[in-house]
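K.L.:
The structure's right below; bear with me while I get my questions together.
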Amino acid sequence: MSVSAASSVLNEPFNGPSACFGFRFGHPASSKVQENTNLSDAPESKEIDNLLASAMNGLTFEERQRHLEIVHGVSTGIEGIEENDETTSGATLELLRHLEKLKAGTAYETAERLESSFVNDRKFQLMFLRGNEYNTKAAADQVIRFLEMKQRLFGKEKLTKQITLKDLDEDDRDFLKTGTIQLIGKDRMGRVIWFQLPSLRKFKSIENELRARFYMATILLKSEEVQKKGIVTVTYAIGEFRDSVQGEGYVDVVKLMMAIPFYHASFHNCVGTHLEKILGKAALAVIPASLRSRVRIQFGSHLETQYTLSTYGISPTLFPITPLSNKVRLDHHLQWYEAALVRETDDVMDTSSMDASTISTTAITNDPGSNALVIMASDVKPYDVLYDYGRTVKHEGNELVRALIREQSVAYDAGSNMGKREVIEDVIRNVEDKGGRFLKMDEASGGYIELTKNRIRSKVSQMFRNYRRPRGNTGLRIAENHHETSRGGGQQIGGELSILPLIDSPGPDDVVLGRIGKGKGNDTMLLLVKKYGDQYDGATRGEKSRIAGSIVQQIKSEGGRFVQPLEEGGWEEIPNEVARSKVAKCFRNSRRTKNKSTLP
Numbered sequence: 243m244s245v246s247a248a249s250s251v252l253n254e255p256f257n258g259p260s261a262c263f264g265f266r267f268g269h270p271a272s273s274k275v276q277e278n279t280n281l282s283d284a285p286e287s288k289e290i291d292n293l294l295a296s297a298m299n300g301l302t303f304e305e306r307q308r309h310l311e312i313v314h315g316v317s318t319g320i321e322g323i324e325e326n327d328e329t330t331s332g333a334t335l336e337l338l339r340h341l342e343k344l345k346a347g348t349a350y351e352t353a354e355r356l357e358s359s360f361v362n363d364r365k366f367q368l369m370f371l372r373g374n375e376y377n378t379k380a381a382a383d384q385v386i387r388f389l390e391m392k393q394r395l396f397g398k399e400k401l402t403k404q405i406t407l408k409d410l411d412e413d414d415r416d417f418l419k420t421g422t423i424q425l426i427g428k429d430r431m432g433r434v435i436w437f438q439l440p441s442l443r444k445f446k447s448i449e450n451e452l453r454a455r456f457y458m459a460t461i462l463l464k465s466e467e468v469q470k471k472g473i474v475t476v477t478y479a480i481g482e483f484r485d486s487v488q489g490e491g492y493v494d495v496v497k498l499m500m501a502i503p504f505y506h507a508s509f510h511n512c513v514g515t516h517l518e519k520i521l522g523k524a525a526l527a528v529i530p531a532s533l534r535s536r537v538r539i540q541f542g543s544h545l546e547t548q549y550t551l552s553t554y555g556i557s558p559t560l561f562p563i564t565p566l567s568n569k570v571r572l573d574h575h576l577q578w579y580e581a582a583l584v585r586e587t588d589d590v591m592d593t594s595s596m597d598a599s600t601i602s603t604t605a606i607t608n609d610p611g612s613n614a615l616v617i618m619a620s621d622v623k624p625y626d627v628l629y630d631y632g633r634t635v636k637h638e639g640n641e642l643v644r645a646l647i648r649e650q651s652v653a654y655d656a657g658s659n660m661g662k663r664e665v666i667e668d669v670i671r672n673v674e675d676k677g678g679r680f681l682k683m684d685e686a687s688g689g690y691i692e693l694t695k696n697r698i699r700s701k702v703s704q705m706f707r708n709y710r711r712p713r714g715n716t717g718l719r720i721a722e723n724h725h726e727t728s729r730g731g732g733q734q735i736g737g738e739l740s741i742l743p744l745i746d747s748p749g750p751d752d753v754v755l756g757r758i759g760k761g762k763g764n765d766t767m768l769l770l771v772k773k774y775g776d777q778y779d780g781a782t783r784g785e786k787s788r789i790a791g792s793i794v795q796q797i798k799s800e801g802g803r804f805v806q807p808l809e810e811g812g813w814e815e816i817p818n819e820v821a822r823s824k825v826a827k828c829f830r831n832s833r834r835t836k837n838k839s840t841l842p
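Residue numbers for the sequence shown follow my numbering, beginning at 243 and rising by one.
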């Protein structure tokens with residue numbers, strides 16, 4: 243795609259509504275909003291629905307298709323714009339012409355006077371052009387507002403400086419550590435997920451939150467990949483995760499986020515009741531019209547919402563929320579924070595001489611005697627292979643390696659030492675050819691360290707040994723789908739051979755099928771079935787399958803598997819579709835006999 247002046251949100255007027263996300267701005271007694279609103283407000287609900295519809299109707303057919311592909315995670319959008327010297331130079335000159343017309347009396351003029359090299363830096367200019375899909379007028383408008391916001395929050399002396407943790411006061415840092423905003427990983431298109439938990443908002447003044455957000459955003463934007471692919475924003479306000487400060491400062495937060503040159507791929511506002519859905523949609527009045535086509539209101543229970551998000555390429559396994567208890571996990575976020583402290587306190591990088599994408603994604607591990615670069619979670623690539631202290635990692639690179647191990651296990655077992663080495667090298671080469679790396683979790687920093695070649699070979703060799711045949715057989719159970727069906731519903735297991743690894747013994751989090759099934763994994767399974775029993779009973783056939791599938795996903799997100807014993811000895815993990823049918827049967831059994839504790 244050639245560079246074009248696509249429509250942008252950033253040159254549109256910003257109008258804040260009187261109420262948004264169930265909170266009334268400017269009124270301390272905002273908790274009464276829901277008391278004064280009832281479900282009979284259907285006209286208002288339809289009006290807000292029309293905002294979403296009109297946003298799509300205002301687009302051409304091609305634009306509509308493009309927006310849908312971006313939102314659903316099948317297209318990255320900005321990466322399709324061709325960048326070369328000719329196009330970027332032309333866009334930069336046009337950007338500067340717009341800035342000349344706008345800069346009088348603004349923070350941009352002040353910055354230009356203080357340090358012209360800062361605002362004239364090509365990387366700085368490209369950041370705004372990318373964030374606005376090369377709409378130069380909108381990019382210029384955002385440059386002005388970005389610098390005005392920066393000056394307001396940090397003062398004139400920081401206007402041309404990189405904001406670091408040292409520029410945040412204690413209250414700002416306290417907000418940063420709440421975990422209100424977490425960078426939890428990437429969606430299926432490799433876009434960073436900016437995850438927000440409103441229930442964790444806590445500050446002395448709204449400026450604490452604004453400065454913390456500004457810091458996180460600008461650190462993230464040092465990555466050229468983030469600039470091009472954009473971010474996906476998920477605001478998770480279901481049930482106990484509703485805003486703890488009742489929407490205080492929400493308009494200021496949105497103004498800040500619209501001043502940051504993020505390329506916004508999508509917004510997912512998740513709410514838990516019909517009333518919150520109506521009020522949540524009022525947030526559309528805050529977001530300029532040209533971005534509304536990328537807004538989705540997700541309404542329902544935790545299970546329903548997380549399943550819906552998964553259809554947009556956002557895996558619930560990334561969420562820092564524990565299934566069942568719905569407790570927030572802050573371990574990885576606090577490790578990210580500690581890594582930032584290490585990176586800045588030790589002054590391990592010279593930000594004036596390093597590439598911006600490197601600065602944002604690396605640190606030095608604080609393991610004594612080690613100088614390995616730490617890759618932060620926000621910059622893990624799709625085909626990276628992640629090792630996380632024995633946990634089953636659901637990541638594209640890990641799935642690729644598992645598939646390669648399955649495909650080449652027979653050749654590995656039959657090979658000589660040299661033959662085994664060649665098979666291992668072939669697996670590694672397949673990953674590296676796709677741009678993947680082999681990364682190990684660094685507990686101290688919360689990021690990942692790239693393994694050495696010898697360590698990678700050792701890891702891959704261990705994976706083959708874990709997969710090797712017991713008692714002289716192939717170590718695999720091959721279920722021929724033309725003859726073997728799932729007992730839980732009679733559905734065939736797909737259209738080709740399913741190759742299933744044998745397991746020496748079930749783990750503590752596994753769901754063990756059959757009458758002998760007992761343990762933590764089984765208890766978790768039964769608790770989930772009990773929790774969602776009423777919802778399952780009232781659901782349609784398709785919804786029942788979705789609920790059962792979501793429970794399978796929740797079990798696996800905690801490192802559990804669905805395993806069953808084999809007549810010849812040993813255990814096997816069953817495919818997802820079979821596990822789903824087992825869960826469905828468990829729902830049916832639970833309905834008939836509520837006290838029944840065995841699985842089908």
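Just so it is clear, CB atoms sit at the ideal spot from N, CA and C, and this is done for glycine as well.
(1) What is the rounded straight-line gap between the Cα of Asn659 and the Cα of Pro750?
(2) Which first and last residues belong to the beta strand (DSSP E) in which Thr330 is found?
(3) Nearest-angstrom Cα distance between Thr477 and Asn511?
(4) Using a Cβ-Cβ cut-off of 6 Å (strictly less than) and excluding sequence neighbours within five positions of Tyr549, which residues of its own chain qualify?
(5) Go ahead and label Glu546 buried or exposed: buried means 16 or more other beta carbons lie within 10 angstroms of its beta carbon, across all protein chains shown.
(6) Could you give the first and the last residue of the continuous alpha helix (DSSP H) run that contains Lys497?
(7) Just mark Met298 as buried or exposed, buried being the case when its beta carbon has 16 or more other beta carbons within 10 Å.
(8) Would you call the region 421-438 and the region 465-479 in contact, with 3 or more CB pairs under 8 Å?
(9) Please classify Gly347: is it buried, with 16 or more other beta-carbons within 10 angstroms of its beta-carbon, or exposed?
(10) Skipping 5 residues on each side, what residues in its chain have a beta carbon closer than 7 Å to that of Asn568?
(11) Mind checking whether the beta-carbon of Asp751 lies closer than 8 Å to any heavy atom of the ligand MG?
(12) Within the same chain, show all residues whose beta-carbon is closer than 7 Å to that of Leu439, passing over the 5 residues directly before and after it, in chain order.
(13) Taking the alpha-carbon positions, what's the Ile647 to Gln795 distance?
(14) Between which two residues does the beta strand (DSSP E) carrying Thr460 extend?
(15) In chain order, what residues of the same chain lie with their CB nearer than 7 Å to the CB of Ala284, ignoring the 5 residues before and after it?
(16) Assign Val451 to one of two classes, buried (16 or more other C-beta atoms within 10 Å of its C-beta) or exposed (fewer than that).
(17) So what does Ala479 bridge to, in DSSP terms?
(18) Would you identify the three-state DSSP class for His574, choosing helix, strand or coil?
(19) Per DSSP, which residues does Lys772 bridge with? Please list them.
(20) When the Cα of Glu204 is compared with those of Glu336, Gly489 and Glu449, which residue comes out closest?
(21) Does the separation of the CB atoms of Arg536 and Ala507 fall below 9 Å?
(22) Leaving out five residues on either side along the sequence, give the residues of the same chain with a beta carbon under 8 Å from the beta carbon of Ile666.
(23) Going by CA-CA distance only, name the one from Thr406, Tyr505 and Leu442 that's closest to Ser532.
(24) Please classify Ala381 as buried or exposed, where buried requires at least 16 neighbouring CB atoms within 10 angstroms.
(25) Quick one: grab the DSSP three-state call for Ile426.
(26) Is Asp630 helix, strand or coil when you go by DSSP?
(27) Do you know how far the Cα of Val805 is from the Cα of Val820?
(28) Confirm, please, whether the CB-CB distance from Asp752 to Ser557 is below 9 Å.
(29) Is it true that the CB of Arg453 sits closer than 9 Å to the CB of Asp414?
(30) Pull the bridge partners of Ser700 from the DSSP assignment, please.
(31) Measure the C-alpha to C-alpha separation of His309 and Val316 and round it to an integer number of angstroms.
(32) Taking 7 Å as the limit between beta carbons, can you name the residues of its chain near Ala333, skipping five residues before and five after?
(33) According to DSSP, is Gln683 helix, strand or coil?
(34) Ends of the beta strand (DSSP E) at Phe445?
(35) By the DSSP assignment, the beta strand (DSSP E) with Glu692 in it spans what residues?
(36) Put Arg803 into one of helix, strand or coil per three-state DSSP.
P.N.:
Reading off the structure:
(1) Residue mapping note: residue 659 aligns to position 417 of the sequence shown, counting from 1. Residue mapping note: residue 750 aligns to position 508 of the sequence shown, counting from 1. Distance between the alpha carbons of Asn659 and Pro750: 35 Å.
(2) As a position in the sequence shown, residue 330 is number 88, starting the count at 1. It is not in any beta strand (DSSP E) - Thr330 instead sits in the alpha helix (DSSP H) that spans Asp327 to Leu344.
(3) Against the sequence shown, residue 477 aligns to sequence position 235. Against the sequence shown, residue 511 aligns to sequence position 269. The straight-line gap from Cα to Cα measures roughly 5 Å.
(4) Counting from one through the sequence shown, the residue named residue 549 turns up at place 307. The answer, listed in chain order, is Arg788 and Ser792.
(5) In the sequence shown, residue 546 corresponds to position 304, counting from 1. Answer is buried; the Cβ neighbour count reaches 16.
(6) Here the question's residue 497 lines up with position 255 in the sequence shown. Note, Lys497: alpha helix (DSSP H), Tyr492 to Ala501.
(7) Your numbering for residue 298 matches position 56 in the sequence shown. So Met298 counts as exposed.
(8) yes
(9) Here residue 347 is taken as the residue at index 105 of the sequence shown, counted from 1. It counts as exposed.
(10) As a working note, residue 568 is residue 326 in the sequence shown. Same-chain partners within the cutoff: Glu482 and His544.
(11) As for the ligand MG, it is missing from this structure, which has no ligand bound.
(12) For this step, residue 439 is matched to residue 197 along the sequence shown. Closer than 7 Å at the Cβ level, and outside the excluded window around Leu439, lie Gly421, Thr422, Tyr478, Phe483 and Val570.
(13) Within the sequence shown, residue 647 is the residue found at index 405, counting from 1. Within the sequence shown, residue 795 is the residue found at index 553, counting from 1. In a straight line, the C-alpha of Ile647 is about 23 Å away from that of Gln795.
(14) Locating residue 460 in the sequence shown gives position 218, counting from the first residue. Premise fails: Thr460 lies in the alpha helix (DSSP H), Ile448 to Leu462, not in any beta strand (DSSP E).
(15) Reading the sequence shown from its first residue, position 42 is the one you call residue 284. Per-residue confidence for Ala284 stands at a pLDDT of 47, beneath the threshold of 50, marking its modelled position as unreliable; the derived number appears in the next sentence. Excluding residues within five positions, none has a Cβ falling inside 7 Å.
(16) Taking the first residue of the sequence shown as 1, we reach residue 451 at position 209. Residue 451 is actually Glu in this sequence, not Val. When all chains shown are included, Glu451 counts as buried.
(17) Mapped onto the sequence shown, residue 479 falls at position 237. The partner list for Ala479 (beta bridge, DSSP) reads Val513.
(18) For this step, residue 574 is matched to residue 332 along the sequence shown. If DSSP states are grouped into helix, strand and coil, His574 belongs with the helices.
(19) As a position in the sequence shown, residue 772 is number 530, starting the count at 1. Partner(s): none; Lys772 has no beta bridge.
(20) Look at the range of the chain in this structure, 243 to 842, and you will see that residue 204 is not part of it.
(21) Counting from one through the sequence shown, the residue named residue 536 turns up at place 294. Counting from one through the sequence shown, the residue named residue 507 turns up at place 265. Yes, the pair counts as a contact, with Cβ atoms nearer than the cut-off.
(22) The sequence position of residue 666 within the sequence shown is 424, counting from 1. Once the five neighbours on either side are set aside, the close Cβ partners of Ile666 are Tyr654, Arg699, Val702, Ser703 and Phe706.
(23) Along the sequence shown, one-based indexing puts residue 532 at 290. It is Tyr505.
(24) As a first step, residue 381 is located in the sequence shown; it is residue number 139 there, counting from the start. It counts as buried.
(25) What you label residue 426 is simply residue 184 of the sequence shown in a count that begins at 1. Note: Ile426 maps to strand in three-state DSSP.
(26) For the purposes of this step, residue 630 is identified with residue 388 of the sequence shown, where counting begins at 1. If DSSP states are grouped into helix, strand and coil, Asp630 belongs with the strands.
(27) Locating residue 820 in the sequence shown gives position 578, counting from the first residue. Locating residue 805 in the sequence shown gives position 563, counting from the first residue. Taking the straight line from one Cα to the other gives about 11 Å.
(28) As a working mapping, residue 557 is identified with position 315 in the sequence shown. As a working mapping, residue 752 is identified with position 510 in the sequence shown. No, they are not a contact pair.
(29) Taking the sequence shown and counting its residues from 1, one reaches residue 414 at position 172. Taking the sequence shown and counting its residues from 1, one reaches residue 453 at position 211. Yes, these two residues count as a Cβ contact at 9 Å.
(30) Residue 700 sits at position 458 when you count from the first residue of the sequence shown. BP columns for Ser700 are empty, so no partner.
(31) Here residue 309 is taken as the residue at index 67 of the sequence shown, counted from 1. Here residue 316 is taken as the residue at index 74 of the sequence shown, counted from 1. One C-alpha to the other measures close to 10 Å.
(32) Counted from its first residue, the sequence shown places residue 333 at position 91. Cβ neighbours of Ala333 beyond the five flanking positions: Val245, Leu371, Tyr376 and Thr378.
(33) Position 441 of the sequence shown, counted from the start, is the residue given in the question as residue 683. Here residue 683 turns out to be Met, not Gln, going by the sequence shown. Three-state DSSP puts Met683 in a strand.
(34) Within the sequence shown, residue 445 is the residue found at index 203, counting from 1. Unbroken run through Phe445: none, as it is neither H nor E.
(35) Walking along the sequence shown from the start, residue 692 turns up at place 450. Segment Tyr690 to Glu692, the beta strand (DSSP E) holding Glu692.
(36) As a position in the sequence shown, residue 803 is number 561, starting the count at 1. The answer is coil: DSSP assigns Arg803 none of H, G, I, E or B.
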